[in-house]
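For reference, the structure is listed below as structure tokens.
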Amino acid sequence: MQRRSTVAVTGTLVLALGLAACSSGGGSGSEATGGDDATDFSGETLTVWIMEGTNPDADAFFDEVTTAFKEETGADLQIEFQPWASAHDKFTTSIAGGTTPDVAEVGTTWTGEFADVGALADLSDRIAEAGLEDDLVPGLVESATLDGGVYGMPWYAGVRSVVYRADLFEAAGIEAPTSWDELVAAADALKAANPEIIPFPVAGDSQYGAMPFVWGAGGDLAVQDGDTWTSAISSPESVEGLEFYTGLATEHGFSTAAATTWKETDLLAAFEQGQVGMMISGSWTPGKIVADVPDMEGKVGAFPIPGQTEGLSDSFLGGSHLGVFEASEKQDLAWEFVEMMTTGEFAEEWGQQSGYFPGQTSLLEKVIEEDDPLVAPFAQQMVEAGRSVPVTPLYGQIQGKKTLETMLQSILSGSATVQEAADTAAADMDETFGS
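Sequential numbering of the sequence shown, starting at -2, is according to my numbering.
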């Protein structure tokens, strides 16, 4: 039977949802952190890779973690920040060369890929021994699971919605859109009132902006039949969604030619410079904008990505696991770090500072109850319309090859029609899937 490649996270499941799972090391069971039973790891140093830019206060945060970790275990931490843009290549190179760290933050779409080649330790027993199985967001656990083993411990999750200039909307009398037609109308009104503004830049070097419109039109990235995955990006429904999304630039002129090669970081920079009216961006964005540009306080808003005619369009629910590498000789110590980071005060503090959602359902429920106007739209998006990419190790390879970004850039640059670019992307995906 054929099933969709992506999993919509809805209802109670999303409350448990936790898209970003943290992974911890395998091997023998670890001692509990803290208290009289804590193992003394004095003289040891744990090497940890953390992705750069997720938390603007990361340096101060990890200084605090390092001090607490030393007090708890006697061991030192060596935190090494890695840029997201080059991290996948660095992981594959380090795995091939036997130079992996002890622990690393691993994007949820990469965990299965690295587990499949034996690089990550199975954390199932450790999670069970810690009594954490029932408090982890299922979506995050699913993206960390391969052949019954769990290779990532949920750390944090994020989802994308629309971040916009609330002050400009208010001045022009624009209401938050609830359909695609209303989205176009809002961008038109924004452009008329503010000719210098880029109403809705379409970033060609980010696949995540396109996904909601592919899914919103009834399309998909890929479908599974038994053990075989096949691309669905060139289906009529997917193409319809791509035509709408890229048409915001090519048909309506709401973007700019420069955005053809923009990453999400470029979108953020342009927004902070006052150039952008609306953009697809993550739950971590509003807080960062205000932190970077204090004058933006009170001028930033967010709303869920509207459905084609009603409701919401699904949005990619992703995040990070903390993974323990199989080659590490310090897996017990690694688990001490993973557990410290993903439970209790440090998990809460990371979420508050970064704007991401925690990977534990008990902590997630606390965030949702706060009803922050800059958090609530993302929480609604995650709970009602959060969705994962194909749960297969091969999707990480597709992501690493930037197949969907190449497709978008071909369309935006005018070098291919939407159908031509989608057909090329589908062929490339199917080659990777082996279908």
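Here a beta-carbon is modelled for each residue, glycine too, at the ideal position from N, C-alpha and C. All values reported here derive from a predicted model rather than from experimental measurement.
#1: Going straight from the alpha carbon of P196 to that of L117, what length do you get?
#2: What separation, rounded to the nearest whole angstrom, lies between the Cα atoms of G215 and D311?
#3: Under a three-way DSSP split, which group does S27 fall into?
#4: Could you give the uninterrupted runs of the alpha helix (DSSP H) lying entirely in the stretch 32 to 102, keeping only those of 4 residues or more?
#5: Do three or more CB pairs link the stretch 110 to 125 to the stretch 316 to 332 at distances below 8 Å?
#6: Assign A219 to one of three DSSP states: helix, strand, or coil.
#7: Are there 16 or more other CB atoms within 10 angstroms of the CB of E402, so buried, or fewer, so exposed?
#8: Alpha helix (DSSP H) containing W177: first to last residue?
#9: Leaving out the 5 sequence neighbours to the left and right, which residues in its chain are closer than 6 Å to F78 when beta-carbon positions are compared?
#10: Which whole runs of the beta strand (DSSP E) in the stretch 349 to 374 are 3 residues long or more, in chain order?
#11: Between the beta-carbon of L43 and the beta-carbon of F334, is there less than 9 Å?
#12: Use the C-beta contact count for Q328: other C-beta atoms within 10 angstroms, 16 or more gives buried, fewer gives exposed.
#13: Measure the beta-carbon distance from F38 to T70 and round it to whole angstroms, keeping in mind my assumption that it falls under 8 Å.
#14: Quick check: G300 and V159, are their CB atoms within less than 9 Å of each other?
#15: State the Cα-Cα distance for the pair A288 and T36, rounded to the nearest angstrom.
#16: Applying the 10 Å Cβ sphere with the 16-neighbour rule, what's the burial state of E285?
#17: Along the beta strand (DSSP E) that carries T227, what are the first and last residues, could you check?
#18: At the level of alpha carbons, what is the spacing between P209 and G40?
#19: Comparing C-alpha positions only, which one of R162, G250 and A200 sits nearest to G271?
#20: Which residues in the same chain have their Cβ closer than 6 Å to the Cβ of G279, if we skip the five residues on either side of it in sequence?
#21: Can you list, in chain order, the residues of its chain with a C-beta nearer than 7 Å to that of A169? Leave out the 5 residues immediately preceding and following it.
#22: Leaving out five residues on either side along the sequence, give the residues of the same chain with a beta carbon under 6 Å from the beta carbon of G32.
#23: Is G356 near G104, with beta carbons less than 9 Å apart?
#24: Mapping the DSSP letters down to three states, classify Y148 as helix, strand or coil.
#25: Between the C-alpha atoms of I365 and V372, what's the straight-line distance to the nearest angstrom?
#26: Would you mind working out which of V386, Q406, V45 and D122 sits nearest A229, comparing C-alpha positions?
#27: Find the nearest neighbour of L261 within the set G295, V199 and W347, judged by alpha-carbon distance.
#28: For Q377, count neighbouring C-beta atoms within 10 Å of its own C-beta (all shown protein chains included) and say buried if the count is 16 or more, exposed if not.
#29: Leaving out the 5 sequence neighbours to the left and right, which residues in its chain are closer than 6 Å to G146 when beta-carbon positions are compared?
#30: In this structure, what does DSSP give as the bridge partners for L133?
#31: Which residues share a DSSP beta bridge with G315?
#32: Would you decide whether T359 is buried or exposed? Buried here means 16 or more other CB atoms lie within 10 Å of its CB.
Quick answer:
#1: 43 Å
#2: Our two residues, G215 and D311, have alpha carbons roughly 10 Å apart in a direct line.
#3: Residue placement at S27 is poorly supported in this model, since its pLDDT is 37, which falls under 50; the coordinates are not used for a value here.
#4: With a minimum length of 4 residues, the continuous alpha helix (DSSP H) runs that stay inside the stretch 32 to 102 are 55 to 70 and 81 to 94.
#5: yes
#6: Strand at A219.
#7: buried
#8: Element bounds for W177: W177 to A190.
#9: I47 and E49
#10: none
#11: yes
#12: buried
#13: The distance from the Cβ of F38 to that of T70 is about 5 Å, consistent with a contact at the 8 Å cut-off.
#14: One detail in the question is off: residue 300 reads as Phe in this sequence, not Gly. Taking 9 Å as the Cβ cut-off, F300 and V159 qualify as a contacting pair.
#15: 39 Å
#16: The residue you asked about is not Glu; residue 285 is Lys in the sequence shown. The residue in question, K285, is buried, as its Cβ has 16 or more Cβ neighbours within 10 Å.
#17: Residues T225 to S228.
#18: 49 Å
#19: R162
#20: G155 and R157
#21: A186, L187 and A190
#22: Unreliable placement is indicated for G32, whose pLDDT of 38 sits below 50; no coordinate value is reported for it.
#23: no
#24: In this structure, Y148 counts as coil in the three-state DSSP scheme.
#25: 8 Å
#26: V386
#27: Note that residue 261 is Glu in the sequence shown, not Leu. Cα-wise, what sits closest to E261 is V199.
#28: buried
#29: D119 and S121
#30: Q357
#31: G155
#32: The residue you asked about is not Thr; residue 359 is Ser in the sequence shown. Taking all protein chains shown into account, S359 has fewer than 16 neighbouring C-beta atoms within 10 Å of its C-beta and is therefore exposed.
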